[in-house]
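Undergrad:
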Amino acid sequence: MNNFAVLDLAYTHYDAGIYICVKTDIPCHLTLYHTASPPRRHKTSRTDRGLTLPWGAYFCFVAWTAAEQEQDGDTLYHLFNVFPWMVLTTKWFTFRGTIGGELSPSVSAIFEHSHPGGLPMIVDLRPYFPGDLCAITREVGDPCPDHWKNVDDIVPDEDDTYVEQYYFTGTSWAYDLYKIETGRLEKIDTVTLIGRFKSFGTRPTTPVAALTLKTHDTIYKTADFAPASTWGDEPWPHTVNPFSGNAWTQNEFDTLQIGPRLGMVRGVGWGQRGFCTQVFARVQRGIICPP
Amino acid sequence: MSIIRGFRGTLDYYVWKGIACVRKWPRSPGHKRAPAVEAQWPAFTIATQLWVKLSPEVQDAYNRMAAGTHLSGRDLSVKCYLTNLSIVRLES
């Protein structure tokens with residue numbers, strides 16, 4: 082036998098197109114045919130003992146484009162990257178395939194799908210609102226509770242706006258938390274917090290900065306580190322939510338708060354303090370496949 | 036008339052391309068079928084069993100295709116599985 086059936090499919094929407102992941106009943110190699118023109122339906126009839134009866138229909142795909150599955154050989158799961166697919170437009174598509182290199186007589190149903198919009202597959206999401214804490218003591222720019230405005234740069238503005246930890250005496254640490262933008266992420270592979278820090282003082286090797294996040298009402302932070310005297314990025318990747326130990330969910334990301342933790346550390350005759358000019362979450366989205 | 040008298044049982048009268056015709060009422064040939072037909076049986080069995088394994092979205096797609104025809108979505112899924120690249124025709 083040389084037949085296949087499409088059992089299920091799943092969509093991952095991004096700004097320029099859609100990933101379509103298809104599951105079939107047996108391993109095969111599929112090609113997806115898609116068109117922005119509605120397929121034309123032609124009714125067929127059959128003559129039964131002299132009587133012509135309506136029977137079925139066939140469908141004509143016009144102005145179609147073919148996309149071969151991304152995997153090599155015959156597979157159970159088949160991934161297609163259909164682009165460009167403009168947001169809010171509809172496409173119709175169907176699948177044909179080969180099994181062991183031989184064309185199968187099977188064809189799938191005709192599917193119709195509209196692109197509802199989506200974020201890029203790698204997207205940077207930035208602070209947009211105060212979070213639960215605004216405790217860092219100094220800033221160049223907006224004061225608390227609007228410290229987030231000093232670190233929400235798309236292109237880092239370096240010394241134009243930033244937050245800084247400073248206190249007149251002794252050693253002190255403080256942190257801010259900010260709410261960050263979100264969107265329809267569908268499946269999240271990795272969340273990487275990135276902060277842009279520098280330090281100033283007479284003992285540059287002293288740790289005076291860290292990154293923090295709050296999820297499930299719990300605050301996590303990186304080990305304290307010593308930024309250079311010039312601005313530099315510090316990434317903190319998370320393939321799973323640190324509270325649950327499982328992949329990030331949309332709800333977890335929607336309620337995530339992030340921020341810098343900065344220190345002013347003093348010793349006898351020396352001092353060092355930390356600055357932060359930018360913080361954001363870089364999300365690597367995943368591709369959804371049927372179970 | 037002698038030919039018609041030779042038929043037994045129920046007769047089927049019909050017109051084909053303007054010609055009046057009569058034949059014996061068709062009977063099922065039972066399980067003795069042509070080898071080519073028998074070769075289709077395993078695939079047909081699988082095709083009919085696959086319907087319940089299809090996701091609701093795939094079933095909906097077949098049902099939409101079958102709307103307005105004398106076929107059900109399930110009928111169409113069997114046809115698409117078994118034979119018919121000609122159901123969906125790619126025109127340039």
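Chains as they are written, first to last, in the numbering used here: chain P, 82 to 372; chain G, 36 to 127.
Quick reminder that beta carbons are idealized off the backbone N, C-alpha and C, glycines included.
Computed from a predicted structure; not experimentally measured.
Hey, is tyrosine 114 of chain P's beta-carbon within less than 8 Å of any beta-carbon in chain G?
TA: Tyrosine 114 of chain P counts as touching chain G.
Undergrad: If you run the structure through DSSP and keep just helix, strand and coil, what is threonine 303 of chain P?
TA: coil
Undergrad: Could you tell me which residues DSSP puts in a beta bridge with serine 280 of chain P?
TA: P:Gly355
Undergrad: Distance check for isoleucine 235 of chain P and lysine 260 of chain P, CA to CA, integer angstroms please.
TA: Cα-Cα distance, rounded: 16 Å.
Undergrad: So if I threshold CB-CB distances at 9 Å, which residues from the stretch 177-193 of chain P count as touching chain G?
TA: Residues passing the 9 Å Cβ filter: Arg177, Leu184, Ser185, Pro186, Ser187, Val188, Ser189, Ala190, Ile191, Phe192 and Glu193.
Undergrad: Taking a Cβ distance cut-off of 8 Å, strictly less, list which residues of the stretch 65-92 of chain G are near chain P, in chain order.
TA: Pro77, Ala78, Ile81, Ala82, Leu85, Lys88, Leu89, Ser90 and Glu92
Undergrad: Thinking C-alpha only, which one of P:Thr299, P:Val289 and P:Asn322 is nearest serine 310 of chain P?
TA: Of the candidates P:Thr299, P:Val289 and P:Asn322, the one whose C-alpha sits nearest the C-alpha of serine 310 of chain P is P:Val289.
Undergrad: Count the other CB atoms, across all protein chains shown, that sit within 10 Å of the CB of isoleucine 203 of chain P; report buried if there are 16 or more and exposed otherwise.
TA: Around the beta carbon of isoleucine 203 of chain P, fewer than 16 other beta carbons lie within 10 angstroms, which makes this residue exposed.
Undergrad: List the endpoints of the continuous alpha helix (DSSP H) containing arginine 99 of chain G.
TA: 91-101
Undergrad: Under three-state DSSP, which class holds aspartate 335 of chain P?
TA: helix
Undergrad: Going along the chain, which residues of the stretch 101-126 of chain G sit with their C-beta nearer than 9 Å to a C-beta in chain P?
TA: Ala101, Gly103, Thr104, His105, Leu106, Gly108, Asp110, Leu111, Ser112, Lys114, Cys115, Tyr116, Leu117, Thr118, Asn119, Leu120, Ser121, Ile122, Val123, Arg124, Leu125 and Glu126
Undergrad: Quick one: grab the DSSP three-state call for valine 346 of chain P.
TA: Look at valine 346 of chain P here: in three-state DSSP terms it is strand.
Undergrad: Under 8 Å, Cβ to Cβ, is there at least one residue of chain G near tyrosine 259 of chain P?
TA: no
Undergrad: Under the assumption that leucine 206 of chain P contacts valine 364 of chain P (Cβ atoms under 8 Å), give the Cβ distance between them as a whole number of angstroms.
TA: The C-beta distance from leucine 206 of chain P to valine 364 of chain P rounds to 6 Å, short enough to meet the 8 Å contact threshold.
Undergrad: The beta strand (DSSP E) spanning glutamate 73 of chain G covers which residue range?
TA: Looking at the DSSP string, glutamate 73 of chain G is not in any beta strand (DSSP E); the run it does join, the alpha helix (DSSP H), is 70-85.
Undergrad: Identify the continuous alpha helix (DSSP H) that holds serine 112 of chain G and give its terminal residues.
TA: 108-117
Undergrad: Going along the chain, which residues of its own chain have a beta-carbon closer than 6 Å to the beta-carbon of valine 244 of chain P, five neighbours each way excluded?
TA: Ile217, Glu220, His228, Asn231 and Cys357
Undergrad: How about glutamate 333 of chain P and histidine 94 of chain P: do their beta carbons lie closer than 8 Å?
TA: no
Undergrad: Is phenylalanine 161 of chain P buried or exposed, if buried means 16 or more other CB atoms sit within 10 Å of its CB?
TA: buried
Undergrad: Near glycine 276 of chain P, what residues of its chain come up, given a Cβ to Cβ distance below 6 Å and the 5 sequence neighbours on each side ignored?
TA: Leu292, Glu315, Pro341, Cys357 and Val360
Undergrad: In chain order, what are the residue ranges of uninterrupted alpha helix (DSSP H) at least 4 long that sit wholly in the stretch 211-296 of chain P?
TA: none
Undergrad: Name the DSSP beta bridge partners of glutamate 315 of chain P, please?
TA: P:Gly276
Undergrad: With a 10 Å radius around its C-beta and 16 neighbouring C-beta atoms as the bar for buried, classify isoleucine 54 of chain G as buried or exposed.
TA: exposed
Undergrad: Go through its chain and collect everything with a Cβ distance to serine 189 of chain P's Cβ below 6 Å, but skip five positions before and after it.
TA: Val87, Thr175 and Phe176
Undergrad: May I have the straight-line CA-CA distance separating serine 90 of chain G from threonine 330 of chain P, to the nearest angstrom?
TA: 24 Å
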